[in-house]
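> Provided herewith is a single structure, encoded as structure tokens, for subsequent inquiry.
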Amino acid sequence: MNKKISIIIATYNAENTIRRCIDSIACQKSDEIELLVIDGDSKDKTVEILKSYGDIIDILTSEPDKGLYDAWNKALRLATGEWIMFLGADDYLFPDAIGFYLSFLQEKKNTDAIDLICAQCLFVDKKGKALKIWGLPYRWERFIDRMEISHGSTLHNRKLFQEIGEFNIHFRISADYEFLLRKKMNAVFLERKILVMQVGGMSDSVKGAWQTFRVKRYHHQTSWSRDFYFFIRAVGGYWKRRLWYWAKCKTN
Numbered sequence: 047m048n049k050k051i052s053i054i055i056a057t058y059n060a061e062n063t064i065r066r067c068i069d070s071i072a073c074q075k076s077d078e079i080e081l082l083v084i085d086g087d088s089k090d091k092t093v094e095i096l097k098s099y100g101d102i103i104d105i106l107t108s109e110p111d112k113g114l115y116d117a118w119n120k121a122l123r124l125a126t127g128e129w130i131m132f133l134g135a136d137d138y139l140f141p142d143a144i145g146f147y148l149s150f151l152q153e154k155k156n157t158d159a160i161d162l163i164c165a166q167c168l169f170v171d172k173k174g175k176a177l178k179i180w181g182l183p184y185r186w187e188r189f190i191d192r193m194e195i196s197h198g199s200t201l202h203n204r205k206l207f208q209e210i211g212e213f214n215i216h217f218r219i220s221a222d223y224e225f226l227l228r229k230k231m232n233a234v235f236l237e238r239k240i241l242v243m244q245v246g247g248m249s250d251s252v253k254g255a256w257q258t259f260r261v262k263r264y265h266h267q268t269s270w271s272r273d274f275y276f277f278i279r280a281v282g283g284y285w286k287r288r289l290w291y292w293a294k295c296k297t298n
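Pasting the structure below:
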């Protein structure tokens, strides 16, 4: 029987955070939820920890892969859910997150035409202190310039992957953005915090800004001057966020 929501987690040497992530799902998991964990042949105790959740994890594999998006693609081929959600190994859900999404899907009369259901995440520092809420409504005109949705808080219609394919693993940092640029999405925005995410993810870096620049060039043949401006703005935004984070920590 197909599930309503498949939650996909990719792990690699995540022994310090994976329990918190899985526990946040376990406390609200139901028969409508499927949990898949794809491990990249971790060298620490990650797999040992994951095996202790045999009653919670529906599918668990551990083998070498080509990075995060390769792991996600492997999971997509195994998932049965009508809706797909991707979590990082150091992310964790709010206690009512899954129930909130299930209630929305039940109340919504027709979801076949919806590509994405977007919500918000809460950024925290390494000590777990709240920093800011992130996630804006999807607007194509803005989205082609920058990633403005909280991808980890987003449900993807399974039909979307059948329509436009899997993640392009050649974009090792920004393949989620590249995937979402392949078409103008029909998206719903819910002003609700779903996910807690620690600052400093792999997309929050100068390398991430450069790869986002490459993704835009890959999809939109605009002028070099405009795209160079975008790249400089993205790098500037990265350092602005780092300085803001440093100042925030100093005051706390």
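For the sequence shown, position 243 matches number 289 in the numbering used here, and the numbering has no gaps at all.
Beta carbons are placed, not taken as given, at the ideal position from N, Cα and C, and that holds for glycine.
Tell me which residues share the same chain as ARG188 and place their Cβ nearer than 7 Å to its Cβ, disregarding the 5 neighbours each side in the sequence.
These residues qualify, in order along the chain: GLU194.
> Counting only runs of 3+ residues fully inside the region 106-151, write out the beta strand (DSSP E) ranges in chain order.
As far as the region 106-151 is concerned, its whole beta strand (DSSP E) runs of at least 3 residues are 129-134.
> From the DSSP secondary-structure annotation, give me the bridge partner or partners of LYS239.
Paired residue(s): GLN166.
> Please confirm whether TRP129 and ARG204 have their CB atoms less than 9 Å apart.
Their beta carbons are under 9 Å apart, which means TRP129 touches ARG204 by this criterion.
> Which residue comes first and which comes last in the alpha helix (DSSP H) that contains LEU96?
Its alpha helix (DSSP H) spans residues 92-97.
> For GLN74, which three-state DSSP category applies?
GLN74 falls in the coil class under three-state DSSP.
> Mind checking which residues open and close the alpha helix (DSSP H) that includes LYS205?
That run of the alpha helix (DSSP H) goes 204-210.
> Cβ of ILE79 within 9 Å of Cβ of ILE53?
Yes, the Cβ-Cβ distance between ILE79 and ILE53 is below 9 Å.
> Can the beta-carbon of LEU81 be found less than 9 Å from the beta-carbon of ILE71?
Closer than 9 Å, so yes.
> Go through its chain and collect everything with a Cβ distance to LEU206's Cβ below 6 Å, but skip five positions before and after it.
Excluding residues within five positions, the ones whose Cβ falls inside 6 Å are ASP161.
> What is the DSSP secondary structure of ILE64, counted as helix, strand or coil?
ILE64 falls in the helix class under three-state DSSP.
> If you run the structure through DSSP and keep just helix, strand and coil, what is SER52?
It is a strand residue.
> So, at 8 Å on beta carbons, what are the nonlocal neighbours of ILE210 in its own chain, with the 5 sequence-adjacent residues on each side left out?
Closer than 8 Å at the Cβ level, and outside the excluded window around ILE210, lie PHE225, ARG228, LYS229.
> Measuring only the C-alpha atoms, how far is THR107 from THR200?
Approximately 24 Å, taken between the alpha carbons.
> Which first and last residues belong to the alpha helix (DSSP H) in which ASP222 is found?
Residues 221-226.
> Got a sec? Which residues, its chain only, sit under 7 Å from TRP186 by beta carbon, not counting five neighbours each side?
LYS230.
> DSSP state of ASP69, grouped into three classes?
In the structure shown, ASP69 sits in a helix (DSSP, three-state: H, G or I).
> Got a sec? Which residues, its chain only, sit under 8 Å from SER88 by beta carbon, not counting five neighbours each side?
So the qualifying residues of the chain are THR57, TYR58, ASN59, ALA60, GLU61, SER108.
> Measure how close the beta-carbons of LYS239 and CYS167 come, nearest whole angstrom, since I'm counting them as under 8 Å.
With a Cβ gap of about 7 Å, LYS239 and CYS167 count as contacting.
> I believe ASP236 touches PHE132 by the beta-carbon criterion, under 8 Å. Please report the beta-carbon distance rounded to the nearest angstrom.
The sequence as given places Leu at residue 236; Asp does not occur at that position. That belief does not hold up - the Cβ atoms of LEU236 and PHE132 are roughly 17 Å apart, past 8 Å.
> Which one or two residues does DSSP pair with TRP180 in a beta bridge?
Note: TRP180 sits in a beta bridge opposite CYS167.
> Going by beta-carbon coordinates alone, are ASP116 and ILE215 separated by less than 9 Å?
Yes, they are a contact pair.
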